[in-house]
Amino acid sequence: MEEYSLPTRIYSGEDSLTKLEDIKNSRIMLVCDAFLPNSDTLKKIKGHIDSSNKCETFADVVPDPPLDKIMVGVQKFMEFMPTIMIGIGGGSALDTGKGIRFFGEKMAKYKIEKYIAIPTTSGTGSEVTQHAVISDPKNHKKIPLMEDYLRPDCALLDPRLVMTAPKSVTAYSGMDVLTHALESLVAKDANVFTDALAEKVVDVITNNLVECYRHGDNLDARKIVHEASNIAGVAFSNAGLGICHSIAHQVGANFHVPHGLANTMLLPYVIEYNSSNCADALHKYAIAAKKAGIATPSISDRLAVKRLIAKIREMNRQMNCPMSLQAFGVDPKEAVTLTDTIVENAKKDGTFPGNPVTPSDEDLAKVYQAIIR
Ligand SMILES: NC(=O)c1ccc[n+]([C@@H]2O[C@H](COP(=O)([O-])OP(=O)(O)OC[C@H]3O[C@@H](n4cnc5c(N)ncnc54)[C@H](O)[C@@H]3O)[C@@H](O)[C@H]2O)c1
Ligand SMILES: [Fe+2]
C-alpha cells in the first residue's frame, strides 16, 4: 500500500500573511529567528495580528538549535500557556518552535490548538514536515524529533520574507532543497505521488536557484524557489531521505558546517554511489535530469546522471560554496580521525534506513572521506 498525506494547509504569495488576521482572542507565542526583532519583517507580520490576541515573543534562537535553548523557550511556554504558536524564520527557528511545543505540551499537560509556520529561508521544508532537528553540542550529535503531530497546521509562504537572507544562506538552504528532492526521489518509501513532487523540484531549483543567489530581489524566482522548498518538504516527509542527510547531520554536529552546505558537498558522491549500486536509482536520477533539461532525452541513463552531477558542481561553483571540509576551514587530519565515529552515528541517524541501497561501513567512510580534501 502506498501512503501519502499533506495535513498542512498552505498559503503562498505576497498576501499570504493576511491569513493571520483570522486569529482572534487567542494567546499567541511567537518563536522568532534572531534576525527578526526590530526588523521590518516582524513589524509587517505583527501588523496582521488582531489586537484581541495576547502575544508573547521568544527570539533566543540559534542555528542548529541546542536542547538548552529550547528548554528556555519551554519555560516561557509554561508561564504563558499559549493556545497558538507561530514559528517564524529559517529551519532553526521553526524547529525551535516545534521543540518548545513538543516538550511544553508534555510538561504543561495540554495541547495547543494550532502551530503556524512562516519560513524565511527556502530550505528545510520544516513548515510541512513532522521533523525537528535538535542539537546535542556536548556529544556532537543532532537528534531528530519525528512525530506526525509536529507537522504545522498551516504554512504561510511569503517570498518577500526570504529576500533579506544573506547570499550564503540562499545558496546553502537552496542546495538543501535540491538534496531533499534527489534523496526523496530514490528513497525506499518513494511512490508516484512523491516522485512527481521531487522531479518538479529538481527542475525548479536547477533552473532558478542561481538567479536567486545573483539577484536576491527577483520576486518571481524567489516565489518559485520558496514553493519548491515547500514541495520538497512534502516529498521527503512522505518518502524519506538517505545517506546524504545521515552523514551531513554528523558533519554539521562535529564541524558546524551549515546543513545545506554539508549536503551539497556530499550530494555528488551520494548520487555516484547510489546510481552505481541501484539500477532503479540510476534510472530515476536520469529521468529527473532529463525532465529538468540538464540532459537531452536520447542519452543513456549513465550519461544523464553524469550531467546531473556536473550540474550540481557547476551550481556550487557559481554560488561560491566551499566544496570540501578543508576549504570550509576544517583540519583534514581531525576530519580523518573522526571517520569511525561519523560512520557509526550516520548509521543511527533517522534518515539512514531510507537510502535505496544499504551501504557497508567502508562505503559510508568512502563517501564521507571524499569531501575532506
Ligand atoms: N525540520 C526539518 O524538517 C528540517 C529539515 C532539514 C534541516 N533542518 C534543520 O534546519 C536547520 C537549518 O535551517 P536553515 O537552512 O533554514 O538555516 P537557519 O535557520 O539555521 O538560518 C541560517 C542563518 O540565516 C539567518 N536567516 C534566516 N532567514 C533569514 C532572512 N530572511 N534574512 C536574514 N537572515 C536570515 C538565521 O538567523 C541564521 O543565522 C538545521 O538545524 C537543520 O538540521 C530541519
Ligand atoms: Fe535537509
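Using the numbering used here, the first residue of the sequence shown is number 2, and each one after it goes up by one. Even glycine gets a Cβ: it sits at the ideal position worked out from N, Cα and C.
{"query": "Touch test, the stretch 234 to 247 against the stretch 98 to 111, Cβ-Cβ under 8 Å, three pairs minimum", "result": "no"}
{"query": "Gly105 versus Thr19 - alpha carbon distance", "result": "28 Å"}
{"query": "Enclosing beta strand (DSSP E) for Tyr12 [first to last residue]", "result": "Arg10 to Ser13"}
{"query": "Option nearest Ser127 by Cα separation, candidates Arg161, His181, Ser299 and Pro138", "result": "His181"}
{"query": "Beta-carbon contacts of Phe353 that lie in its chain and below 6 Å, excluding the five residues immediately before and after", "result": "Ser247"}
{"query": "Beta bridge counterpart(s) of Leu377 as assigned by DSSP", "result": "Absent from the structure is residue 377, since the part of the chain shown begins at 2 and ends at 374."}
{"query": "Pairwise C-alpha distance: Ile310 and Asn208", "result": "15 Å"}
{"query": "DSSP three-state assignment for Phe59, whether helix, strand or coil", "result": "strand"}
{"query": "Residue range of the unbroken alpha helix (DSSP H) whose run includes Val203", "result": "Val193 to Arg215"}
{"query": "Nonlocal neighbours in the same chain, by C-beta distance under 8 Å from Ser6, ignoring five residues either side", "result": "Asn239"}
{"query": "Among Lys285, Leu262 and Asn255, nearest to Ala172 - alpha-carbon criterion", "result": "Leu262"}
{"query": "Ile295 versus Lys312: straight-line alpha-carbon distance, rounded", "result": "7 Å"}
{"query": "Pair within 8 Å by beta-carbon distance, His216 and Lys143", "result": "no"}
{"query": "Cβ pair Gly175, Leu210 closer than 8 Å", "result": "yes"}
{"query": "Beta-bridge partners of Gly124, as assigned by DSSP", "result": "Beta-bridge pairing links Gly124 to no other residue."}
{"query": "Met30 beta carbon less than 8 Å from that of Phe81", "result": "yes"}
{"query": "Alpha carbon of Gly355 to alpha carbon of Asp190, nearest angstrom", "result": "7 Å"}
{"query": "Reference Thr265; option with closest CA among Ala371, Phe194 and Asp364", "result": "Ala371"}
{"query": "C-beta atoms of Val202 and Ile232 nearer than 8 Å", "result": "yes"}
{"query": "Candidates Gly88, Glu212, Ile343 and Asp196, of which the one nearest Leu158 by Cα", "result": "Gly88"}
{"query": "Cβ contact (3+ pairs, closer than 8 Å) linking the stretch 192 to 200 and the stretch 331 to 345", "result": "no"}
{"query": "Gly253 - DSSP class collapsed to helix/strand/coil", "result": "helix"}
{"query": "Neighbourhood of Lys115 by C-beta, 6 Å cutoff - its chain only, sequence neighbours within 5 removed", "result": "Ile85 and Asp154"}
{"query": "Three-state secondary structure (DSSP) of Val258", "result": "coil"}
{"query": "Nearest-angstrom Cα separation, counted from Met79 out to Pro259", "result": "31 Å"}
{"query": "Integer Cβ distance of Val62 from Val32, believed to fall under 8 Å", "result": "7 Å"}
{"query": "Cβ neighbour criterion (16 or more within 10 Å) applied to Arg152", "result": "buried"}
{"query": "CA nearest to the CA of Ser361, picked from Arg318, Tyr274, Asp281 and Cys56", "result": "Tyr274"}
{"query": "Length of the line joining the Cα atoms of Ala236 and Lys285", "result": "15 Å"}
{"query": "Ser93, buried or exposed, once every other Cβ within 10 Å from all chains shown has been counted against 16", "result": "buried"}
{"query": "Neighbourhood of Met320 by C-beta, 7 Å cutoff - its chain only, sequence neighbours within 5 removed", "result": "Ala172, Val211 and Tyr214"}
{"query": "Alpha-carbon to alpha-carbon, His227 and Asp164", "result": "Inspection of the sequence shows that residue 164 is occupied by Met rather than by Asp. Their backbone Cα atoms lie some 11 Å apart in a straight line."}
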